[in-house]
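Protein chains in written order, with this note's numbering: chain A, 293 to 566; chain B, 293 to 566; chain C, 293 to 566; chain D, 17 to 273; chain E, 17 to 273; chain F, 17 to 273. Where a beta carbon is used, it is the ideal one built from N, C-alpha and C, also for glycine.
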Amino acid sequence: MGGNSDMKLIDENGIRTDGRKVDELRPIKIEAGVLKNADGSAYVEVGKNKVLAAVYGPRECHPRHMQNPAKAIIQCRYNMISFSVSDRKRPGPDRRSVEISKLISEALDYVVFTENYPRTSIDVYIEVLQANAGTRCAGLTAAAVALADAGIPMRDIVPSVAVGKVNDTVVLDLNKEEDNYGQADLPIAMIPRTGEVLLMQMDGHLTKAEFDLAMEMGVKACKEIYEVQKDALRRRYAIVNGESEEEPMEEPKDEPMEEPMEEPKDEPEMTEED
Amino acid sequence: MGGNSDMKLIDENGIRTDGRKVDELRPIKIEAGVLKNADGSAYVEVGKNKVLAAVYGPRECHPRHMQNPAKAIIQCRYNMISFSVSDRKRPGPDRRSVEISKLISEALDYVVFTENYPRTSIDVYIEVLQANAGTRCAGLTAAAVALADAGIPMRDIVPSVAVGKVNDTVVLDLNKEEDNYGQADLPIAMIPRTGEVLLMQMDGHLTKAEFDLAMEMGVKACKEIYEVQKDALRRRYAIVNGESEEEPMEEPKDEPMEEPMEEPKDEPEMTEED
Amino acid sequence: MGGNSDMKLIDENGIRTDGRKVDELRPIKIEAGVLKNADGSAYVEVGKNKVLAAVYGPRECHPRHMQNPAKAIIQCRYNMISFSVSDRKRPGPDRRSVEISKLISEALDYVVFTENYPRTSIDVYIEVLQANAGTRCAGLTAAAVALADAGIPMRDIVPSVAVGKVNDTVVLDLNKEEDNYGQADLPIAMIPRTGEVLLMQMDGHLTKAEFDLAMEMGVKACKEIYEVQKDALRRRYAIVNGESEEEPMEEPKDEPMEEPMEEPKDEPEMTEED
Amino acid sequence: MARSVVSEIKRDHIHKLIADGHRVDGRAWDEFRNISIQTNVVETAEGSSRVKIGNTEVIVGVKMTVGEPFSDTPNRGVLTTNAELIPMASPNFESGPPDENSIELARVVDRGIRESQMIDLEKLCVEPGKKVWINFVDIYVLDFDGNLFDACSLGAVAAIKSAIVPASAHGLGEDYPMPITCTPISVTAVQIENSILVDPSLDEEMVAAARLTVTTDDNGDLRAMQKGLRGALTVEQIKTIIDTSRRLGSEIRKLVG
Amino acid sequence: MARSVVSEIKRDHIHKLIADGHRVDGRAWDEFRNISIQTNVVETAEGSSRVKIGNTEVIVGVKMTVGEPFSDTPNRGVLTTNAELIPMASPNFESGPPDENSIELARVVDRGIRESQMIDLEKLCVEPGKKVWINFVDIYVLDFDGNLFDACSLGAVAAIKSAIVPASAHGLGEDYPMPITCTPISVTAVQIENSILVDPSLDEEMVAAARLTVTTDDNGDLRAMQKGLRGALTVEQIKTIIDTSRRLGSEIRKLVG
Amino acid sequence: MARSVVSEIKRDHIHKLIADGHRVDGRAWDEFRNISIQTNVVETAEGSSRVKIGNTEVIVGVKMTVGEPFSDTPNRGVLTTNAELIPMASPNFESGPPDENSIELARVVDRGIRESQMIDLEKLCVEPGKKVWINFVDIYVLDFDGNLFDACSLGAVAAIKSAIVPASAHGLGEDYPMPITCTPISVTAVQIENSILVDPSLDEEMVAAARLTVTTDDNGDLRAMQKGLRGALTVEQIKTIIDTSRRLGSEIRKLVG
């Protein structure tokens, strides 16, 4: 957080530099099933963020000593590609991405029925193609859709968003400029239906009252994102089942030749009513 | 070794800059059993050196291909913490610490009855908290006490000390200033009872006669250190067995709840008469 | 490739700076069986290049997951020692040597009867002691002889050479100066008997007609090198079988004491008539 | 941290105690274990501390040197925080470069210090854009019995407060105390079977569903938070932990002096 | 690339089709799969592209910064090409530093660009011996279904052609388009049972004996070649592939514009 | 070095011979194997050597470049010694960064050269505090049959003695020979069943209990020592080895010239 900057980021009418209101999300676009090899995938744009997520698994867990005899492990790798930021980022994990990968793995672990697939690994890959603040939230949002697209049984999908503080005001979904000159950042991820919080970090400066307001805003925004996630999965499901002819290239995966008996890929499975 | 410096480190009365005589050790303090998790541990101060040693094992040896079907392997890791020296040392092993770890492992291997525990590893961790010349010797001195504290059967405890040369004079137990401007350094470790030398390195410049004198001094000093080591173990033994009430927090280790039948931890075991 | 330099590298009589004609190889010298531990070895000089190759195997393949249940794998490690070039090269693989190692592994794989030794590894180590352009070709030439020296059954030996272009002229076997200021480089390796090409790379600028000429030159040169390879193996065979007393130190390998029944090392084995 | 297998018996035992409103070691749900803080324990460091919370023990050192500032903060000193989970501290720690656990730990400690602006980094500028003080805060865990976040955070804060800027050794005038603006305190709690327990021991961490670390400043405002582990917290649980952190934080702050 | 085990059944199937003059997906031996090229897909890069050849998909970005030239080319910009086979793209790719497959891939793509002198590196010199433009061409494979060499090469060429030199951001006058001299195109073919197949799919690559990549310039001259895999090619086969590369290269070159 | 499993039969055989006062290859206890020294074997190095002791063979090169001195020795050249146990040399050596064996080896060789002040590093200062000659002594083991310490030390000493300072290539006047003050020679012995054997072969090293390397200067004074392996030496044994090292050292010194 840049701290208490003098830069004016909200005008007298409560409008932010990109035209949004304080409690307004950036435009969000989600598409499920965008990759051929991955068992599930999703592409997410949140404002100028562009994020791709892919899921492989459940599959054999490597290295073997990480296997859990009682359940699947969720291994997430969050990565920013080298040209997703202004200054080229050297390929490979840095400390920030290691931390984010851990937190997203933990958040997703809670919603996947990991006990269904002992000794396996469910691998989640998040690649940030273009970054503009809030990539961990956009990545987690994409990863949840990709997991569902892979047909992995889940308690629910997980939306994620950050709330922040700029010009002493609590605002939703900081963009890059607001993040650079802001006073606080509070990324969260939750299950809207139950109110369970799966990811939460905070840095900067918030009074208790500001925190309460921020959580309120965040919870409301997660519900909105959740609807966009479900909508993407509904469209994907319609395509997979041939109900739409708009994108004929997006066929169900080819069956491997040697395993002609395999069942068609499951539709995304959730415990809630769809 | 800095070589033949003009710096005067011994006065006309044979007294060194820190007030010691040429054959006098720095003040030495040893405490056994200072950590909770480790199977054995020791804290050693030699002058301004502060060193902590911990022992885990015998336990399963990782990686497996290093297992020896006939005996335990001793794996020592000597490390200087980043702020133990004037210029911050980057965390992680450097070439010097790799060499020292190897030499200490070899020295300790000789005294442990490794054939009692085939396929296992006995892991010795030495952390130098504050360094002032002679840390490998202080570390080995501490490690030997920690092994005994862990109840691992040993031929004997091993004391270690360095002899050196400054102002063309053979002197015992160089401090940092003497090491920086000295002419030779000869760290040794041995079993005083048998005269067996387990560690010996030398660099600088010694004539044969100077070497003979240095060894004589070193052997004598090792005997002194050995007594301090034994004394620390006697105090530790008294505490563990409840003979002292001075430090009530230093109880024997809790038994794991699931293994109520396990024997109480052995007292330090040695082949010699105590 | 330095591109179209003005530097004159061929005179009006078609003679190059080191006195060679355009289609003339540098002096080449090959000696087989130069190391004691390796199962097979060869030393090659091509002009100022000095290259050593050693072969171990077939032997157990590490790591195990690389084992092929149907055949041996060929693992080549091409390396330039730090002082083989003008500016000291840091020890360890760089991107160039990783690529070359891969290409040489692939080329040798084709000629070895790998199906004879399932689950094993045949390890080929090439060390460039002194480099002067064309080291990958000299290394492959040496490796093929070392494989034969190790008694590993092969379809045939593989010679290798580079053709290039300097001063708009196609020339054979570039030396360092020609490589630095040349316009194209085309290293190849082949089986002269069948015309099969096992390694080919090219960079720079060649018209189709120049390429055809270059290939013609390269094929012819490979045949010459092939004869030198065979000659080295014949000399080695003579020594191993005691037909020569010139180099009495080059005895057949000692039998391991514990396996007195092992057969004497096979002579180099090839499918063609020798 | 390291999730070694805990026997089902132990897990059941802890769960049963908690269901009855008890903890294994008899503490109240919002009670810390004994805290001991020593400073100036290593004289080769500009500042240092040795902190114990129960049987968890850490040593922290601050080393300072003069170097270049980051280009986007030319008039501010640099803060770098590193944590080493050395194998001495636990049978489950291994040698090697920092893993995800030690990286998360270091980053959470760092955020508490950085975001509270505890160190007045502008007072650590020697020559804008050219020379500033670089602070290395290095944390070594010596004995691990749970709640590393609070032990390391407390150790770092104590070491920083004890530090003396070694100006004279760099020809920059007289030594002076590290410029401090406030004392951030982190308090960690876990959720087990919907109970909230402050300062979890290792046994408690191993059966915990979720963890929340809350770092507050002298005003009781929030400066850093980190939720961890593979379970969930309700918003109400989060608010409980925040309130507790503000309350206990002001008590612990007094210990650091 | 990754040689996962292909079932004998699939291998036999492909072989049988080829013996009958057919390919699995019905293409002619010298026919590419569908090629799609998008540029300026990432606005944080100076140039970028997203290229699909069939189901193989790559994203390429060009980042430019000002730095020192190499001492032996003091008046030329610097080109660095890197390829990442990220695990998202294939069940057989693993995280970690570049392995021999990604290194070979990056080097072959690099040679096509470098040896054709596609980028006029002398126009990327700011101050001889001191300051030149450094070009990082970073390739990420997103979905892998064979023929990475051509997909990555095409992606790199398209990204480079779309790049704008960010001079103004470095106080070096107005931005200007990347100085381009030609458009190198790589065409790859494999040999299977002595048949030559252009633009191999993953299934075809897995049963192929040998591979040859040929990069030609606008004149149809050779700029880079790389033979791969553990089989052999005859000189005649090589010449066939070269001729085909020259012919198809000039068609594909039109797609890049 | 690498402790591969030696069959019990071989071990017993060696022990039995030693008990009878014999060595496997018939040498006396204080007899070296045949030593051969070639210098100037690699013309890209400033100095180089290829040394064989019996079947142990090493190649050593010295590369020199101009760089910055260490801040605490501003008027002295820099010496860096590295040893590579390449897999070519033994079935038990593996590729990869230096392990504890090659690090110990390089450091012991380095100490012999450094502590004897063999190279007059002050004569390798170009401009105090700014520019000095940096010496890289790189050792590659080509064939390993025991006693690497002496082979590598001898190779390093021979390579250094043969080196020419490449001053002209750096615009620093005429080339001149490396400034040498003395010739340190290391002699290694092992203890097996309380016998002392000089210049152990690989078979002997594998059954040895302890090893001692003693490096002496032209006056027979001690410059470096290193005890190795997992056994013990008595003070008397150490003194025997030192005396032998001084005696044999002066003979070997003549071979280096």
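Rounded C-alpha distance that separates E/Phe-165 from A/Pro-383: 20 Å
Does the distance from the CB of F/Lys-177 to the CB of F/Val-272 come in under 8 Å? yes
Reduced DSSP secondary structure (H/G/I, E/B, other) of A/Leu-317: coil
Rounded to the nearest angstrom, how far is the Cβ of A/Ile-302 from that of A/Thr-461, given a contact under 8 Å? 6 Å
Beta-bridge pairing of C/Tyr-370 - partner residues as DSSP gives them: C/Ile-418
Which value, in whole angstroms, describes the spacing of the CA atoms of E/Ile-30 and E/Ile-257? 21 Å
Give me the chain E residues within the contact set of C/Gly-496, using Cβ-Cβ distance strictly less than 7 Å, ordered along the chain. Glu-131
Assign A/Tyr-402 to one of two classes, buried (16 or more other C-beta atoms within 10 Å of its C-beta) or exposed (fewer than that). buried
Which whole-angstrom value describes the C-beta separation of A/Ala-442 and A/Asp-523, a residue pair presumed to lie in contact below a C-beta threshold of 8 Å? Actually they do not touch by this definition, with Cβ atoms about 18 Å apart.
Sorted by chain position, which residues of the same chain lie with C-beta nearer than 8 Å to A/Tyr-487's C-beta, five sequence neighbours on each side aside? It is worth fixing the name first, because residue 487 of chain A is Gly in this sequence and not Tyr. Closer than 8 Å at the Cβ level, and outside the excluded window around A/Gly-487, lie Val-511.
By Cβ distance, which residues of its chain are closer than 8 Å to F/Val-58, with the 5 residues on each side in sequence left out? Ser-64, Ile-75 and Gly-77
Given this structure, state the Cα-to-Cα distance separating D/Val-212 from D/Asp-126, to the nearest angstrom. Contrary to the premise, residue 212 of chain D reads as Ile rather than Val in this sequence. If you take the alpha carbons of D/Ile-212 and D/Asp-126, they lie about 25 Å apart.
At a Cβ threshold of 8 Å, is F/Glu-267 touching chain C? no
Which residue's Cα is closest to the Cα of D/Cys-141: D/Pro-85, D/Gly-189, D/His-186 and D/Ala-105? D/Pro-85
Which first and last residues belong to the beta strand (DSSP E) in which A/Met-509 is found? No beta strand (DSSP E) contains A/Met-509, which is instead part of the alpha helix (DSSP H) from 500–532.
By how many angstroms is the C-alpha of E/Gln-242 removed from the C-alpha of C/Glu-542? Because the pLDDT at C/Glu-542 is just 38, under 50, the model does not fix this residue reliably, and the value given afterwards should be weighed accordingly. Approximately 40 Å, taken between the alpha carbons.
Taking C-beta to C-beta, are F/Val-203 and F/Ser-261 nearer than 8 Å? yes
What does the Cβ neighbour count give for F/Asp-161, buried or exposed, with the cut at 16 atoms within 10 Å? buried
Nearest candidate by alpha-carbon position, reference F/Val-148, set F/Val-173, F/Ser-87 and F/Gly-112: F/Ser-87
Buried or exposed by the 16-neighbour rule on C-beta atoms within 10 Å, applied to A/Pro-319: exposed
Could you compute how far the alpha carbon of F/Thr-89 sits from the alpha carbon of E/Lys-146? 30 Å
Name, please, each residue of chain F whose Cβ falls closer than 7 Å to the Cβ of B/Val-390. Glu-116 and Ile-119
First through last residue of the beta strand (DSSP E) which encompasses A/Cys-353: A/Cys-353 -> no beta strand (DSSP E), and no H or E assigned at all.
Residues within the stretch 458–475 of chain B neighbouring chain F, beta-carbon criterion of under 8 Å: none
By the criterion of Cβ-Cβ separation under 8 Å, what are the contact partners of E/Ile-102 in chain A? Asn-371, Tyr-417 and Glu-419
By the three-class DSSP mapping on this structure, what secondary structure does B/Tyr-348 have? strand
So, helix, strand or coil for E/Met-104, using DSSP? helix
With a cut-off of 8 Å on the beta carbons, I'd call B/Pro-445 and B/Ala-481 a contact; round off their distance for me. With 8 Å as the limit, B/Pro-445 and B/Ala-481 do not qualify as a contact, their Cβ atoms being about 19 Å apart.
What are the start and end residues of the alpha helix (DSSP H) that includes D/Thr-256? 251–272
Which stretch, first to last residue, makes up the alpha helix (DSSP H) that contains B/Cys-429? 427–441
What first and last residue would you give for the alpha helix (DSSP H) that runs through C/Asp-310? Where C/Asp-310 is concerned, there is no enclosing alpha helix (DSSP H), given that its DSSP letter is neither H nor E.
By DSSP, does A/Met-358 sit in helix, in strand, or in coil? helix
Distance, Cα to Cα, F/Trp-45 vs F/Asp-259? 14 Å
For D/Thr-96, count neighbouring Cβ atoms within 10 angstroms of its own Cβ and tell me buried if that reaches 16, exposed if not. exposed
Helix, strand or coil: which one does DSSP assign to B/Lys-468? helix
Need the endpoints of the beta strand (DSSP E) that E/Glu-143 sits in, please. 141–143
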